[in-house]
Structure formats: structure tokens, C-alpha cells
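*Asks:* This is the structure I want to talk about, given as C-alpha cells.
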Amino acid sequence: MKYAIIGAGGTGGILGFYMTKAGRDVTLIARGRHLAAMQENGLTVEKMWDGTTETIPVKATDMEHYDEQPDVVLVCVKGYSLEETIPFIQRVAKPSTMVIPVLNIYGTGAKMQEKLPELLVTDGCMYVSANIKEPGVLIQHGRILRVVYGVRNMSSQKVTVKGAHSEEIMDTLKNIKKDFDDSGIDGVLSENIQRDALEKFSYVSPIGAAGLYYHATAADFQREGEQREAFKTMIREIAALAEAMGVPFERNMVEVNLKILSSLAPEATTSMQRDVMEGKDSEIDGLVYEVVRMGERYHVPVPVYAKVAEKLRETL
Numbered sequence: 025m026k027y028a029i030i031g032a033g034g035t036g037g038i039l040g041f042y043m044t045k046a047g048r049d050v051t052l053i054a055r056g057r058h059l060a061a062m063q064e065n066g067l068t069v070e071k072m073w074d075g076t077t078e079t080i081p082v083k084a085t086d087m088e089h090y091d092e093q094p095d096v097v098l099v100c101v102k103g104y105s106l107e108e109t110i111p112f113i114q115r116v117a118k119p120s121t122m123v124i125p126v127l128n129i130y131g132t133g134a135k136m137q138e139k140l141p142e143l144l145v146t147d148g149c150m151y152v153s154a155n156i157k158e159p160g161v162l163i164q165h166g167r168i169l170r171v172v173y174g175v176r177n178m179s180s181q182k183v184t185v186k187g188a189h190s191e192e193i194m195d196t197l198k199n200i201k202k203d204f205d206d207s208g209i210d211g212v213l214s215e216n217i218q219r220d221a222l223e224k225f226s227y228v229s230p231i232g233a234a235g236l237y238y239h240a241t242a243a244d245f246q247r248e249g250e251q252r253e254a255f256k257t258m259i260r261e262i263a264a265l266a267e268a269m270g271v272p273f274e275r276n277m278v279e280v281n282l283k284i285l286s287s288l289a290p291e292a293t294t295s296m297q298r299d300v301m302e303g304k305d306s307e308i309d310g311l312v313y314e315v316v317r318m319g320e321r322y323h324v325p326v327p328v329y330a331k332v333a334e335k336l337r338e339t340l
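Numbering (this note's numbering), first residue to last: 25 to 340.
Here it is as C-alpha cells:
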């Protein structure tokens, strides 16, 4: 299958690197100095946990010059850049093209589906800690590398795909999983993607919010103390929301997320922290303020999130 990956940072770039290395047909859609460096020198990944570095040639271009029709579009941009991907997808997609958003923000797939009614848009999320170190170079902080994806409601969504039946869709979804697995990426085809995406959100939102609030690194959350307790409490607030939303967690997400956290390099930070500190656009609305809005919507108290949101609104 032919893949187009929009965004070549810590999610899309890492996916593109491992899938290209495994011989899959992947084109990274990027821009600026990062794109120029990849076109000239290839894509480099540094693994923080063992100090190794590897560079491979990759196919990379910008939106304007991409002229293929992909079977799968993986959307790996920040939430604030999502809107600009829609016209590009509309231009390059064929009726059978499947769109898989892999973002930190919960509920992205449903929002994209409204704007791409002719295509099938799944939900998806990714477990990875990585970022662009410099143009053409990514740094991966920990070994965890997993993509979870699935169709929200096959019975209602399949009718939007011209000429496709649920069996064909499932075959494509399974082929994508095989491509992930063969690339050394843990591909998880979810039977309840809303719960699974909310589980991922229960990690990325608390760690981003608490990291920003405390100006903390992974090390601050890996040891006992106020930062770690706030992180755990925010996970429990997300769990209470999941219950109210009708997709209760079936695992202890505090334990699950602390295990994920333990695998990170002590100096690791979140992309939202780095963006805010560098004065860039950030995902703070979708990762922090949206949780407060969800609490109001579902009548669930989220006091730690409310405290964090209030401080961040005052200081940023």
C-alpha cells in the first residue's frame, strides 16, 4: 500500500522512518528547513536510551508537490495545524483512501470525518516520545512505539465509502496493522477506539498539563512528590470523565501511565512544554482547557485541571 504521512516530527517522522526502513512505500509531507534537510541528507533518528544514531534516505515533499494517490493518509500534525490538511487530503485522495489521524487531541477523527464525508476517517493515537532535534534529525526518548487505530462505528461510517464493504475495510485495516508490525511498530487494531484513544489521552494530557504547570521533566514525575501526585490525580479525573462518557476504562490507568513514564529518559519533556517555552503555537487548548470544558459538559468535577488551567491562562 501507498502511504502519505502528513507531518514529519516526533510522530509522523518516526513512523515514516521505521516504515521506510522496512521497505514500505511512504512519502513524508513536510515543509521548511526540515523538509530540505530530509531531501538532501535523509532522515536521522537518535535513540536517547542507547546513544545510537541511524540515517536513511526517505521520500519527502511538500503538500504542493505531492502528486500521488495514497491508499492511506496518516495525519500526524499538531492540533492547531489540522485545518490545513483538509484541502490537501481532498485533492490527493481516491474514494478508497483511508485517513488515520494520529494526534494528541481526543476526538479528532470525528471532527475530520465531518469535513471529509466521502472518505473513511478512523480514530487513532500513538505512544511515542520523540521530537525534532534539528532539521532532518529526530530524537527518540524511549523504546515505546505503538499506534492504536480503529473505526468508531463501522455500521454508520462504512456507507460513506463508495463501493466498499465492511469486509474490504477490515482487510485494509489488517494490512495496515501488518505494515506497522513488520516495521517494528506495535500496531493495535482497536475494537473500541473511543476508549483506547481516551486511554492515551489520559497519559498525554496529564503529563503535558502537569509538565507545563511545574516546569517539570520526566525525572520530576518518576520520583515521589507533588508533581507525581498531581499527575496521578489528573489521570483519575480523566478516568471519571471516561465513566461519564460511557467508555469506562478497564485498566488502572494510573499504573499503566506510570509504567510508560518510567521508560522515558529523565530529561524528557512534552512537545507542548517545548512549544510553549519557545513561544510557538501549542496544543494547550485541546490538552488542558478542553478537559475543563468536558468536565462541565459531563458534570464531572476536575479540580486539578481547573487549577492548572487557571494558572496557565494567567501566565501564558
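Cβ coordinates follow ideal geometry from the N, Cα and C atoms, glycine included.
1. With respect to the beta strand (DSSP E) encompassing Tyr329, which residues constitute its N-terminal and C-terminal limits?
2. Are the beta-carbon atoms belonging to Ile163 and Met296 less than 7 Å from one another?
3. Pick from Pro159, Ala266, Pro290: whose alpha carbon is nearest that of Phe225?
4. In terms of residue numbering, what span does the alpha helix (DSSP H) encompassing Ala243 cover?
5. Buried or exposed for Ala242, going by 16 or more other Cβ atoms inside 10 Å?
6. So Ile38 packs on Ala154, CB below 8 Å; how close in whole Å?
7. Quick one: what does DSSP say Lys224 is sitting in, helix, strand or coil?
8. Tell me the DSSP secondary structure of Met122 in three-state form.
9. I'd like to know whether the C-beta atoms of Val16 and Thr35 end up nearer to each other than 7 Å.
10. When the distance is taken between beta carbons, is Val324 closer than 7 Å to Ala268?
11. Please identify the residue among Arg57, Leu106, Gly75 whose C-alpha is closest to the C-alpha of Ser306.
12. So, under 8 Å CB-CB, Ala32 and Ala84 are touching, yes? Tell me the CB distance rounded to an integer number of Å.
13. Let's test the definition: count the other Cβ atoms within 10 Å of the Cβ of Lys102 and tell me whether it reaches 16, buried, or not, exposed.
14. Do Tyr173 and Gly148 have their C-beta atoms within less than 7 Å of each other?
15. Would the region 192 to 208 and the region 308 to 322 be scored as touching if the rule is three or more Cβ pairs under 8 Å?
16. What first and last residue would you give for the beta strand (DSSP E) that runs through Ala154?
17. How would you label Ile113, buried or exposed, when you count the other beta carbons within 10 angstroms and need 16 or more for buried?
18. Write down the C-beta distance between Thr294 and Ile231 rounded to the nearest angstrom, noting that I regard them as a contact closer than 8 Å.
19. Identify which residue in Ile168, Lys283, Thr76 has its Cα closest to the Cα of Arg247.
20. So, at 6 Å on beta carbons, what are the nonlocal neighbours of Phe245 in its own chain, with the 5 sequence-adjacent residues on each side left out?
21. Can you tell me where the beta strand (DSSP E) with Tyr130 in it begins and where it stops?
22. If you reduce the DSSP assignment to three classes, tell me which class Lys102 lands in.
23. Taking C-alpha atoms, which residue in Met150, Asn281, Val228, Glu291 lies nearest to Gly211?
24. Pick helix, strand or coil for Thr184, following the three-state DSSP scheme.
25. Which residues in the same chain as Glu70 place their Cβ atom closer than 8 Å to its Cβ, once the five residues preceding and following it in sequence are excluded?
26. Mark Gln93 as exposed unless 16 or more other C-beta atoms lie within 10 angstroms of its C-beta, in which case mark it buried.
27. Run through the DSSP bridge pairs and tell me what Gly174 is partnered with.
28. Measure the CB-CB distance between Pro141 and His58 and report whether it falls below 7 Å.
29. Specify the secondary structure class of Ala28 as computed by DSSP and reduced to three states.
30. Taking the alpha-carbon positions, what's the Ala221 to Glu64 distance?
*Replies:* With the structure as the only source:
1. Careful: Tyr329 lies outside any beta strand (DSSP E), inside the alpha helix (DSSP H) at 327 to 339.
2. In this structure, Met296 does not lie closer than 7 Å to Ile163 by Cβ.
3. Nearest to Phe225 by C-alpha distance, out of Pro159, Ala266, Pro290, is Ala266.
4. Here the alpha helix (DSSP H) through Ala243 covers 242 to 246.
5. By the 10 Å Cβ count, Ala242 comes out buried.
6. Confirmed, about 5 Å.
7. Lys224: helix per DSSP, three-state reduction.
8. Strand at Met122.
9. No answer is possible for residue 16: the residues shown for the chain start at 25 and end at 340.
10. Yes, they are a contact pair.
11. Among Arg57, Leu106, Gly75, the Cα nearest to that of Ser306 belongs to Leu106.
12. Yes, Ala32 and Ala84 are in contact; Cβ-Cβ is about 7 Å, under 8 Å.
13. Buried is the call here.
14. A contact, by the Cβ cut-off of 7 Å.
15. Touching, no, given that fewer than three Cβ pairs across the two stretches are closer than 8 Å.
16. First-last of the beta strand (DSSP E) with Ala154: 154 to 158.
17. Around the CB of Ile113, 16 or more other CB atoms lie within 10 Å, so the residue is classed as buried.
18. The beta-carbon separation of Thr294 and Ile231, rounded to 6 Å, stays under the 8 Å limit for a contact.
19. If we check each option's Cα against that of Arg247, Lys283 comes out closest.
20. Counting only residues of its own chain and dropping the five nearest sequence neighbours on each side, Phe245 has a CB closer than 6 Å to the CB of Gln251, Arg252, Phe255, Leu285.
21. Neither: Tyr130 is in no beta strand (DSSP E) and is coded neither H nor E.
22. Coil.
23. It is Met150.
24. Because Thr184 carries a pLDDT of 48, less than 50, the predicted location of this residue cannot be relied on, and no value is offered for it.
25. The residues are Thr76, Thr77, Lys157, Val161, Leu162, Ile163, Gln164.
26. Classification for Gln93: exposed.
27. Looking at the DSSP assignment, Gly174 forms a beta bridge with Asp147.
28. Judged by their CB atoms, Pro141 and His58 are not nearer to each other than the 7 Å cut-off.
29. Correct three-state label for Ala28: strand.
30. Approximately 36 Å between the Cα atoms of the pair.
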